[in-house]
Amino acid sequence: MKFFKVIILMSCLLPLSAFGQLNICLGDAYSNEMPPSASNIAVYITISNVGNHGVNLESVTSIDAESAMIHRSTLGNGMMTMQHLSELYIPSQETVRLEPGGMHIMLTDLRRSFRAGEQIRMNLNFSNGLVLRVDVPILEN
Ligand SMILES: [Cu+2]
-3 MKFFKVIILM SCLLPLSAFG QLNICLGDAY SNEMPPSASN IAVYITISNV GNHGVNLESV
57 TSIDAESAMI HRSTLGNGMM TMQHLSELYI PSQETVRLEP GGMHIMLTDL RRSFRAGEQI
117 RMNLNFSNGL VLRVDVPILE N
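With the numbering used here, the residue at position 105 of the sequence shown is 101, and numbering never jumps.
Below is the structure:
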């Protein structure tokens, strides 16, 4: 059985020793406010692996949405399309940015509409057993 740690963390400034194997740092999480009729929302976030081993982001869950997927936006033939990634590899000592025009986490079938100033709760599940909780602020468009 895997041992899971759930940590609310938005920076690397926390005392790492308190968490033992903690080697993932999260930052810059946000979403842009969507019209009330929208059922999906894109989340942007920066993930840094400060550990000595590569780690996969294996899945994302949210109690505020029915499901969550890792998406990559690509521009081809003048059209923006989204591709579903089954996981996202973060090499040792590297930072992966999920940002507009590139990758994002897509929360689908939101349980309600979220306004600017509110937060969406999300858990990131990593291949090393780490589960990081993120409270994603919704920004005004
Ligand atoms: Cu998407």
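Using N, Cα and C, we set each Cβ at its ideal position, and we do this for glycine too.
Since the structure is predicted, the reported quantities are computational estimates derived from the model, not experimental observations.
Original post:
Do the region 17 to 29 and the region 37 to 56 meet, that is, are 3 or more Cβ pairs less than 8 angstroms apart?
Top reply: yes
Original post:
Roughly how many angstroms separate the alpha carbons of Met98 and Ile41, rounded to a whole number?
Top reply: A small fix is needed here, since residue 98 is Gly in this sequence, not Met. One C-alpha to the other measures close to 11 angstroms.
Subject >> CB contact flag (Gly51, Ile86, <8 angstroms) >> reply: A small correction: the amino acid at residue 51 is Val; Gly does not occupy that position in the sequence shown. Cβ atoms of Val51 and Ile86: closer than 8 angstroms.
**OP:** Select from Asn28, Thr91 and Pro96 the residue whose C-alpha is nearest the C-alpha of Met76.
**Re:** Pro96
**OP:** Just jot down, in chain order, the residues whose CB lies closer than 6 angstroms to any heavy atom of ligand 1.
**Re:** Ala38, His67, Met78, His100 and Met102
**OP:** Specify the secondary structure class of Asp131 as computed by DSSP and reduced to three states.
**Re:** strand
**OP:** Compute the Euclidean distance between the alpha carbons of Thr57 and Thr70, then round it to the nearest angstrom.
**Re:** 24 angstroms
Original post:
Going by DSSP, which residues form a beta bridge with Val46?
Top reply: DSSP lists no partner for Val46.
**OP:** Say yes only if the C-beta of Ser88 is nearer than 7 angstroms to one or more non-hydrogen atoms of ligand 2, and no if none qualify.
**Re:** With respect to ligand 2, the structure offers nothing, as its ligand set consists of ligand 1.
Subject >> For Gln79, the three-state DSSP class (helix, strand or coil) >> reply: strand
**OP:** Below 8 angstroms on the Cβ atoms is my guess for Ile116 versus Ile134; work out the distance and round it to an integer in Å.
**Re:** 7 angstroms
Original post:
Would Tyr26 pass as a contact of Val130 if the rule is Cβ separation under 8 angstroms?
Top reply: no
Subject >> Nonlocal neighbours in the same chain, by C-beta distance under 7 angstroms from Ser88, ignoring five residues either side >> reply: Asn45, Gly47, Asn48, His49 and Gly50
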